[in-house]
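Here the structure comes first, spelled out in structure tokens, and everything after it is commentary.
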Amino acid sequence: MLAHPASDDDIAIVERQLGRYPRGMVAVGARCVCGRPLAVVTRPMLPGGIPFPTTCYLTSPEAVKAVSHVEAAGVMREYNDLLAADESLRNRYLDAHRRYIAFRHALAMRLGDDESHIASVSAGGMPVRVKCLHALVAQSLVMGHGVNPIGDMTLERIAGEFNPNICRCADGCTPGDSLSDSPGDSPSAPSSDSADILASNEER
């Protein structure tokens with residue numbers, strides 16, 4: 212099991228962020244400097260036996276809004292053109308896909324979840340297309356800079372609206388104030404739970 216599962220406070224905050232109960236949420240993958248969740252880790256099998264491939268899920272309303280602006284501007288078409296033209300970018304994007312699957316597999320093994328229906332599926336259109344920037348940005352936040360090149364580029368594009376190192380939470384919280392039972396992790400790196408899963412992956 213995860214060393215630091217999502218606290219009741221974390222779940223309550225994410226429920227307010229999403230406007231619904233976060234089914235399958237097992238950990239916070241990335242936090243704002245104020246302590247609020249930015250992205251969460253969701254188990255591969257939801258209650259009721261529903262397969263859920265989107266392991267890294269973006270929850271911050273400010274991040275979701277900023278990424279939606281980029282999608283509305285047609286940037287996904289630009290990214291797909293870049294993938295078609297740049298072999299190095301394609302290879303890095305493929306690696307992000309593989310890391311996503313490995314991360315979810317390690318999570319499934321810890322939780323005893325059946326991932327057979329989604330074993331080869333990642334998120335966001337990987338490994339060959341860009342279809343959902345929210346999923347790719349979530350991976351960048353959860354797994355850290357340098358894992359998903361498209362997620363990283365999108366974070367750079369939206370820095371004026373959303374930056375994990377600057378608190379812009381709608382209710383005006385004070386940067387540095389932790390709102391979770393567990394200490395806030397550095398937003399520029401994977402959370403302690405995510406890093407734990409990533410480390411176990413690399414040891415295999």
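My numbering numbers the first residue of the sequence shown as 212 and each following residue consecutively. Virtual Cβ for every residue (Gly too), placed ideally from N, Cα, C. Just so it is clear, the structure is predicted and the values come from calculations on it, not from any experiment.
Beta bridge counterpart(s) of residue i as assigned by DSSP
i	result
P216	P216 is not bridged to any residue.
P360	Its beta-bridge partners do not exist; DSSP assigns none.
N291	DSSP lists no partner for N291.
P262	M256
Residue i classed as buried or exposed, judged by whether at least 16 other C-beta atoms fall within 10 angstroms
i	result
V339	exposed
S299	exposed
S327	exposed
A277	buried
R310	buried
N374	buried
S391	A caution first: S391 carries a pLDDT of 40, below 50, which makes its placement in the model unreliable, though a value can still be read off. Counting Cβ neighbours within 10 Å, S391 comes out buried, since at least 16 surround it.
Whole-angstrom C-beta distance between residue j and residue i, which should lie under 8 Å
i	j	result
R242	P248	6 Å
C380	E273	7 Å
G240	V353	3 Å
Unbroken beta strand (DSSP E) run spanning residue i, endpoints
i	result
A250	248-253
A241	236-242
Y268	267-269
Residue span of the alpha helix (DSSP H) that contains residue i, given as start and end
i	result
D463	Not covered by the structure: residue 463. The range shown for the chain is 212 to 415.
S351	344-354
S279	272-283
inquiry  = Using 8 Å as the cut-off, can you tell me whether the region 328-340 makes contact with the region 242-253, which would need three or more C-beta pairs spanning the two stretches below that distance?
reply    = Contact between the region 328-340 and the region 242-253 is absent: fewer than three C-beta pairs spanning the two stretches fall below 8 Å.
inquiry  = Count Cβ pairs between the region 306-325 and the region 365-376 that sit closer than 8 Å; are there 3 or more?
reply    = Result no; under three Cβ-Cβ pairs closer than 8 Å.
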